[in-house]
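So the sequence shown is numbered by this note's numbering: it starts at 1 and just counts up by one.
Below is one structure, written out as structure tokens; the observations come after it.
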Amino acid sequence: MKVLVVGSGGRDHAIAWKFLQSPRVKKVYVAHGNAGIAKMAECVNLQDIEEIADFAERERVDLTFVGPEKPLSAGIVDVFRARGLPIVGPDKRASRLESSKCDTKVLLRELGIPVAEFAIFDDPDKAKKYVKSVGYPVVVKADGLAAGKGSIVCNSPEEAEEAIHSIMVERIFGDAGNRVDIEKRLYGRELSFFCFTDGETVLPMVAAQDYKRAYDGDRGKNTGGMGSYSPHPWLTEELSERIMEQVARPLVKGIKDRGIRYEGIIYLGLMLVEERGSITPYVLEINIRLGDPEAQVILPRLKTDLVDICEAISEQRLKDIKLEWDPSYYLCLIAVSGRCKGRKGWYKGYPDRYKIGVPIKGLEDIDPSCIVFHSGTGIGENGEFITTGGRVFGIVSRGDTLAKAREIAYREMKKVSFEGMYYRSDIGRE
Ligand code: AMP
Ligand code: GLY
């Protein structure tokens, strides 16, 4: 069969790679992909949802799978369904779970799912008054999509006021900052937990540890993710069942009761907080897709054919699927475009402004036991790989222990270089 993957980042590379492992798949197209993806699949440059649908129809694509949140939130699933084209993913209404943090928080509270105390504001002055009055540290979150950078963790009321000012007055995230969700800051251990659902059955996948902050020791700004590993050391069978019971199943049922059938992947961004001798999984955010860079360590662990899972979701028989996982450790180390000199001064580096078009050396020397998933790469004038984004590529290593996987990824990363290259030195250091 022919599969079309929509996306162009490291996660989307991992999805295309996973589909290529299926004996049922003959051809994988990616819209629009990147230079690394183009080495294994056919990249097609399509401008918008209608063009993607035209392509899927013309090429008789058997299954379309969407990596990023933007096309899902823009209604790609609705367009495909209206045209009778096979696609797996949440429709526009279901995608609100990610595209409005404020509405989702209200829904979660209604459903009795654990969330931090919060309040929602569309007026910056009222929001500023609130953060001065609460007496505890808060996190200020832009309501809409902001590429993983829309939440600002604050240490003081002054920092919170600044965050409100940048989001709502300076509008650093544009319309995504029309409203803010202001949450009590929680302290605990973060975990990215994933499920497949057909709207009825919810199947737990495994969890991953993501590293959101730019610098070692979880300092610096929030990014899309600087590294990841799986399995997550805190995820026991018992905790997985508690997350299913307290969060995943009530969520899918709750939205179904509101007339929305959710099909695809649910990503729960959780903070595990130890309270009264047990762990409560608080929901920080819900995403409607696989994580990046969590997909890069979860998909290599998935032994079950992704095509079989997608078909079962579309045909509403997910209950018949049993997921199988490799128990080994996989670790993903991301290299980003960091601080470097430009013509008119210094670039601060990802997630701030960064330089692109820089040649990358040494990717071909990486040991074949590792997988290299590209995020922001292109091909330069001399046929070499060049940087085109903030996150550039990730090396995924496997080990029987986390320490082994970590050692391999760091050893291999040393073989690669480009101007301004930066990666955290503490990914997988427990
Ligand atoms: P979000 O965009 O909601 O996933 O938040 C991005 C990151 O901000 C999370 O991965 C956490 O590290 C941090 N964060 C979000 N909400 C909270 C909270 N209530 N308490 C502490 N940290 C938070
Ligand atoms: N790694 C976080 C995300 O994909 O949203």
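Beta carbons are placed, not taken as given, at the ideal position from N, Cα and C, and that holds for glycine.
Residue i, DSSP secondary structure in three states
i, result
"Ile386", "strand"
"Val66", "strand"
"Thr197", "strand"
"Ser73", "helix"
"Leu272", "strand"
"Pro23", "coil"
"Met205", "strand"
Member of the options whose CA lies at the smallest distance from the CA of residue i
i, options, result
"Glu98", "Val283, Ser228 and Asp352", "Val283"
"Arg24", "Gly428, Lys322 and Cys310", "Cys310"
"Leu239", "Arg317, Ser192 and Gly148", "Ser192"
"Tyr229", "Arg398, His13 and Gln209", "Gln209"
"Arg185", "Glu110, Val273, Met244 and Pro233", "Val273"
"Thr236", "Pro327, Leu4 and Pro90", "Pro327"
"Gly224", "Pro86, Gly217, Tyr211 and Asp218", "Tyr211"
"Glu69", "Met421, Pro204 and Ile266", "Ile266"
"Ile164", "Tyr130, Gly378, Leu318 and Ser73", "Tyr130"
Distance between residue j and residue i (C-alpha atoms, nearest Å)
i, j, result
"Val153", "Asp175", "20 Å"
"Ile334", "Gly10", "9 Å"
"Val28", "Glu117", "45 Å"
"Asp292", "Arg171", "25 Å"
"Cys332", "Ala405", "9 Å"
"Thr401", "Glu294", "18 Å"
"Ala14", "Val6", "12 Å"
"Val434", "Thr201", "Here the chain comprises residues numbered 1 to 430, so residue 434 is not present and cannot be evaluated."
"Ala41", "Pro250", "38 Å"
Sequence-distant residues of its chain with Cβ nearer than 7 Å to residue i (five each side left out)
i, result
"Trp325", "Val206, Arg301, Leu302 and Lys303"
"Arg179", "Cys102, Ile120, Phe121, Asp122 and Asp143"
"Gln246", "Ile113, Pro114 and Pro281"
"Lys132", "Pro157"
Contact test: residue i Cβ vs ligand 2 heavy atom, cutoff 7 Å
i, result
"Glu449", "What the structure shows of the chain is the stretch from 1 to 430, and residue 449 is not part of that stretch, so it cannot be assessed."
"Asp292", "yes"
"Asn287", "yes"
"Asp216", "no"
"Asp210", "yes"
"Gly174", "no"
"Gly148", "yes"
"Gly67", "no"
Contact set for residue i: own chain, Cβ-Cβ below 6 Å, skip 5 residues either direction
i, result
"Arg261", "Gly199"
"Ile49", "Ile76 and Val79"
Any non-hydrogen atom of ligand 1 closer than 7 Å to residue i Cβ
i, result
"Arg185", "yes"
"Asn155", "no"
"Ala127", "no"
"Ser151", "yes"
"Gly220", "no"
"Lys141", "yes"
"Met226", "no"
"Gly269", "yes"
Close beta carbons around residue i, own chain, < 8 Å, minus the five adjacent residues each side
i, result
"Val372", "Gly36, Leu363, Ile366, Phe393, Gly394, Ile395 and Val396"
"Tyr423", "Met226, Gly227, Leu333, Ile334, Ala335, Val336 and Met413"
Chain C within 8 Å of residue i, Cβ atoms only
i, result
"Pro300", "As a matter of chain content, chain C is missing from the structure shown, which is built from one protein chain."
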